[in-house]
Amino acid sequence: MSTKNPNMTKAQRRDAARAEALALREKEQQRDRRNRIITLSVLAVALVALGVVVWMILQQGAKNNVDDVPLAEVTMPSTAQENGGIPVGADNAAGTENADAPVIDVYLDYMCPVCGQFEQTNAGDIDEMVAAGDATVVYHPVSILDRLSAGTDYSTRAASAAAYVADKAPEAFPAFHAALFTNQPAENTEGLSDEQLASYAEEAGAPADVATAIEDGTARQTFGQYVHSATQEATSDEALQNPQSGSFGTPTVLVDGEVFGDWGTQGALGQAVTAAAGS
Numbered sequence: 025m026s027t028k029n030p031n032m033t034k035a036q037r038r039d040a041a042r043a044e045a046l047a048l049r050e051k052e053q054q055r056d057r058r059n060r061i062i063t064l065s066v067l068a069v070a071l072v073a074l075g076v077v078v079w080m081i082l083q084q085g086a087k088n089n090v091d092d093v094p095l096a097e098v099t100m101p102s103t104a105q106e107n108g109g110i111p112v113g114a115d116n117a118a119g120t121e122n123a124d125a126p127v128i129d130v131y132l133d134y135m136c137p138v139c140g141q142f143e144q145t146n147a148g149d150i151d152e153m154v155a156a157g158d159a160t161v162v163y164h165p166v167s168i169l170d171r172l173s174a175g176t177d178y179s180t181r182a183a184s185a186a187a188y189v190a191d192k193a194p195e196a197f198p199a200f201h202a203a204l205f206t207n208q209p210a211e212n213t214e215g216l217s218d219e220q221l222a223s224y225a226e227e228a229g230a231p232a233d234v235a236t237a238i239e240d241g242t243a244r245q246t247f248g249q250y251v252h253s254a255t256q257e258a259t260s261d262e263a264l265q266n267p268q269s270g271s272f273g274t275p276t277v278l279v280d281g282e283v284f285g286d287w288g289t290q291g292a293l294g295q296a297v298t299a300a301a302g303s
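If you want it as structure tokens, here you go:
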């Protein structure tokens, strides 16, 4: 009802004016609520987009936070040898060796399915030879298959985690190494998450603070450069090139410095070690 109607009494005009004012105020409140919802929605979308951008920047920073520097100039696990390898002897801990025993060097990528086959075929024999003092095994974690982990750099993350365990919890390293192959992810997947890597480290006997460092990325920050430099040196070392392909691949296995190619035959590695010990 319009307040301009000449037939309205003063009281009616007053009531009509109040009704119009109330309706106008309600429309304004509805408009304000609608504007607030739109504004909050836009802000929420913007925050999500900003979060994605920040995450991508951090991920890219983590990937690029390495330099092409020699292995000798980077921080390596305290238990590693000068060549970057992590030895395991009869004490069943990283950083230990069996004196005067043949050395088995294994260059591996934790994403590499053929490395998984090597473990299935030879891990039992290696454990027996090492425990008996008949050999020292030296693991060289490298990352040549990051491209096959759906953008998560699994090879680098796993190798960095292994290096961190070798450094901070040497006695847990052999079991953690084994767990990474027992639970090995397939190529072209994201691989194990940092949380899963941390869980397997703790199950292997690493203390909680070591597991936390793997989960929050500290392990990669600490040893990502070590993994990168070790990979660079392995791939450029002519002595480690496959004579058939002319390039480095994993696993590459050496017995007392000589490349050993028959590791796929059950028992052949043990025979090679025995022969090396007698030579």
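Heads up, the sequence shown is in this note's numbering, so the first residue is 25 and it goes up one at a time.
Where a beta carbon is used, it is the ideal one built from N, C-alpha and C, also for glycine.
DSSP-derived helix/strand/coil call for residue i
{"i": "ASP124", "result": "coil"}
{"i": "PRO137", "result": "helix"}
{"i": "ALA147", "result": "helix"}
{"i": "ALA114", "result": "coil"}
{"i": "ASP56", "result": "helix"}
{"i": "VAL130", "result": "strand"}
{"i": "GLU152", "result": "helix"}
{"i": "VAL78", "result": "At VAL78 the pLDDT is 39, less than 50, meaning the model places this residue with poor confidence and gives no usable figure here."}
{"i": "GLU106", "result": "coil"}
{"i": "ARG42", "result": "helix"}
Burial state of residue i (16 or more Cβ within 10 Å)
{"i": "GLN249", "result": "buried"}
{"i": "SER269", "result": "exposed"}
{"i": "PRO181", "result": "Rather than Pro, the amino acid found at residue 181 in this sequence is Arg. Buried: at least 16 other Cβ atoms inside 10 Å."}
{"i": "GLU50", "result": "exposed"}
{"i": "THR99", "result": "exposed"}
{"i": "ILE110", "result": "buried"}
{"i": "ASP191", "result": "buried"}
{"i": "SER253", "result": "buried"}
{"i": "ASP133", "result": "buried"}
{"i": "LEU46", "result": "exposed"}
{"i": "ASP261", "result": "exposed"}
{"i": "ASP233", "result": "exposed"}
{"i": "ILE62", "result": "exposed"}
{"i": "PRO231", "result": "exposed"}
{"i": "GLN84", "result": "Legend: pLDDT at GLN84 = 44, less than 50; position of this residue unreliable, no value from coordinates given."}
{"i": "ALA299", "result": "exposed"}
{"i": "GLY285", "result": "exposed"}
{"i": "ALA187", "result": "buried"}
{"i": "PRO18", "result": "Absent from the structure is residue 18, since the part of the chain shown begins at 25 and ends at 303."}
{"i": "ARG171", "result": "exposed"}
Option nearest residue i by Cα separation, candidates the options
{"i": "SER217", "options": "MET100, VAL283, MET135 and LEU264", "result": "MET135"}
{"i": "LEU264", "options": "VAL279, GLU97 and GLY140", "result": "VAL279"}
{"i": "THR176", "options": "THR213, PRO194 and ALA147", "result": "THR213"}
{"i": "ASP240", "options": "ASP149, VAL127, LEU221 and VAL277", "result": "LEU221"}
{"i": "GLY302", "options": "ALA125, GLU195, LEU95 and ASN59", "result": "ALA125"}
{"i": "THR242", "options": "ARG42, ASN89 and ARG57", "result": "ASN89"}
{"i": "THR145", "options": "THR289, ALA300 and ALA299", "result": "THR289"}
{"i": "THR259", "options": "GLY215, ASP115, ALA210 and PRO165", "result": "PRO165"}
{"i": "ALA203", "options": "THR246, SER223 and TYR188", "result": "SER223"}
{"i": "ALA147", "options": "GLY291, ALA299 and GLU106", "result": "GLY291"}
{"i": "GLU195", "options": "PHE284, ALA225, ALA210 and ASN107", "result": "ALA225"}
{"i": "GLU211", "options": "PRO137, PRO267, ASP233 and ALA199", "result": "PRO137"}
{"i": "PHE272", "options": "ALA159, GLY215 and VAL130", "result": "VAL130"}
{"i": "GLU143", "options": "GLU106, HIS201 and ASN107", "result": "HIS201"}
{"i": "VAL189", "options": "GLY215, ARG42, ALA156 and THR236", "result": "THR236"}
{"i": "ASP115", "options": "PRO101, ALA156 and LEU95", "result": "ALA156"}
{"i": "GLU97", "options": "TRP287, ASP56, PHE247 and GLY229", "result": "PHE247"}
{"i": "ALA227", "options": "THR206, GLY215 and ARG244", "result": "Before going further, note that residue 227 is Glu rather than Ala in the sequence given. When each option's Cα is compared against that of GLU227, the closest is THR206."}
Whole-Å CB distance - residue i paired with residue j, under 8 Å assumed
{"i": "LEU169", "j": "SER179", "result": "5 Å"}
{"i": "VAL251", "j": "SER167", "result": "5 Å"}
{"i": "ASP92", "j": "GLN256", "result": "6 Å"}
{"i": "PHE197", "j": "ALA117", "result": "7 Å"}
{"i": "VAL127", "j": "VAL162", "result": "6 Å"}
{"i": "GLY119", "j": "THR103", "result": "3 Å"}
{"i": "CYS139", "j": "PRO275", "result": "5 Å"}
{"i": "ASN122", "j": "ALA159", "result": "7 Å"}
{"i": "ASP149", "j": "GLY294", "result": "5 Å"}
**Report entry** Any alpha helix (DSSP H) of 4 or more consecutive residues that is wholly inside the stretch 226-261
**Finding:** 232-239 and 242-260
Query raised in the report: Where in the stretch 254-303 do unbroken runs of the alpha helix (DSSP H), each at least 4 residues long, occur, reported from the N-terminal end onward?
Result: 292-302
Requested in this report: Jot down the residue ranges of each uninterrupted alpha helix (DSSP H) in the stretch 158-224, minimum 4 residues, whole runs only, in chain order.
Outcome: 178-192 and 197-206
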